[in-house]
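Q: I am attaching a structure below and will ask some questions about it afterwards.
Dropping the structure here:
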């Protein structure tokens, strides 16, 4: 079996990840601008992309399984590295390796972008938390001292002596 179907599946997975990366960049802009409606729409699109990626990944695994069976390669050795070691055609090796590296680079970029989005989301939540705290101040912040302690000390002073004058 030729390695071409595997290369084609890697290519389509790479395209889906590139599209996901562009959505992630848009998501960053929405987080910076505070546009929650557009962010929700992007999250829905992102979810659909992830589902499509999962489907393509399942197809790729099936194709790799067929390739490994037809080339007498154990399934645990059916990795890209293992495939490159067993392939004889230099053009097939080059195609597989280049598509694999392209996918790897896109995944690294996507991971960095999502890390940035995570930090922006965390900062937004901290800002919201601070804003809520400022709108609902506690009694400790409004008074100079703790009035409940002062009242309990005054009642204790009165109860020390029980005498009539």
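Numbering (the UniProt record's numbering), first residue to last: 1 to 165.
Beta carbons: idealized from backbone N, C-alpha and C, even for Gly.
#1: If I'm right that residue 52 touches residue 16 with Cβ under 8 angstroms, what's the distance once you round it to whole angstroms?
#2: Since residue 25 and residue 113 are thought to touch, with beta carbons under 8 angstroms apart, how far apart are those beta carbons, to the nearest angstrom?
#3: Keeping to the same chain, check which residues put their C-beta closer than 7 angstroms to that of residue 110; ignore five residues upstream and five downstream.
#4: Do residue 92 and residue 3 come within 7 angstroms of each other at the CB atom, strictly closer than that value?
#5: Is the segment 119 to 129 close to the segment 28 to 36, with three or more CB pairs under 8 angstroms?
#6: Rounded to whole angstroms, what's the CA-CA distance from residue 128 to residue 37? Just pull it up for me.
#7: Going by C-alpha to C-alpha distance, which of 43, 64, 35, 80 sits closest to residue 104?
#8: Would you check if the distance between the CB atom of residue 9 and the CB atom of residue 48 is smaller than 7 angstroms?
#9: Buried or exposed for residue 83, going by 16 or more other Cβ atoms inside 10 Å?
#10: Secondary structure at residue 88, three-state DSSP: helix, strand or coil?
#11: What does the alpha-carbon distance come out to for the pair residue 65 and residue 39?
#12: If you draw a straight line from the alpha carbon of residue 6 to that of residue 102, how long is it in whole angstroms?
#13: Roughly how many angstroms separate the alpha carbons of residue 11 and residue 136, rounded to a whole number?
#14: Specify, as a first and last residue, the run of the alpha helix (DSSP H) that residue 28 falls within.
A: Let me lay it out:
#1: Within the chain shown, numbered from 1, the residue matching residue 52 stands at position 52. Within the chain shown, numbered from 1, the residue matching residue 16 stands at position 16. With 8 angstroms as the limit, residue 52 and residue 16 qualify as a contact, their Cβ atoms being about 6 angstroms apart.
#2: The residue given as residue 25 occupies position 25 in the chain shown. The residue given as residue 113 occupies position 113 in the chain shown. Contact flag correct, Cβ pair sits at about 6 angstroms.
#3: The residue you call residue 110 lines up with position 110 of the chain shown. These residues qualify, in order along the chain: 17, 20, 21, 24.
#4: The residue given as residue 3 occupies position 3 in the chain shown. The residue given as residue 92 occupies position 92 in the chain shown. Cβ atoms of residue 3 and residue 92: closer than 7 angstroms.
#5: Contact between the segment 119 to 129 and the segment 28 to 36 is present, because at least three Cβ pairs lie under 8 angstroms.
#6: As a first step, residue 128 is located in the chain shown; it is residue number 128 there, counting from the start. As a first step, residue 37 is located in the chain shown; it is residue number 37 there, counting from the start. If you draw a straight line from the Cα of residue 128 to the Cα of residue 37, it comes to about 17 angstroms.
#7: On the chain shown, position 104 is the one that residue 104 refers to. From the listed residues 43, 64, 35, 80, the smallest Cα separation to residue 104 is found for 80.
#8: Locating residue 9 in the chain shown gives position 9, where the first residue counts as 1. Locating residue 48 in the chain shown gives position 48, where the first residue counts as 1. Cβ atoms of residue 9 and residue 48: not closer than 7 angstroms.
#9: Translated into the one-based positions of the chain shown, residue 83 becomes position 83. Buried, by the Cβ-count rule.
#10: Sequence index remark: in the chain shown, residue 88 carries index 88 (1-based). Coil, per DSSP.
#11: Locating residue 65 in the chain shown gives position 65, where the first residue counts as 1. Locating residue 39 in the chain shown gives position 39, where the first residue counts as 1. Cα to Cα, the separation comes out at about 38 angstroms.
#12: Here residue 6 refers to the residue found at position 6 when the chain shown is read from its first residue. Here residue 102 refers to the residue found at position 102 when the chain shown is read from its first residue. Note on geometry: alpha-carbon atoms of residue 6 and residue 102 lie some 14 angstroms from one another.
#13: For the purposes of this step, residue 11 is taken as the residue at position 11 of the chain shown. For the purposes of this step, residue 136 is taken as the residue at position 136 of the chain shown. In this structure, the alpha-carbon of residue 11 lies about 54 angstroms from that of residue 136.
#14: The residue you call residue 28 lines up with position 28 of the chain shown. Here the alpha helix (DSSP H) through residue 28 covers 4 to 33.
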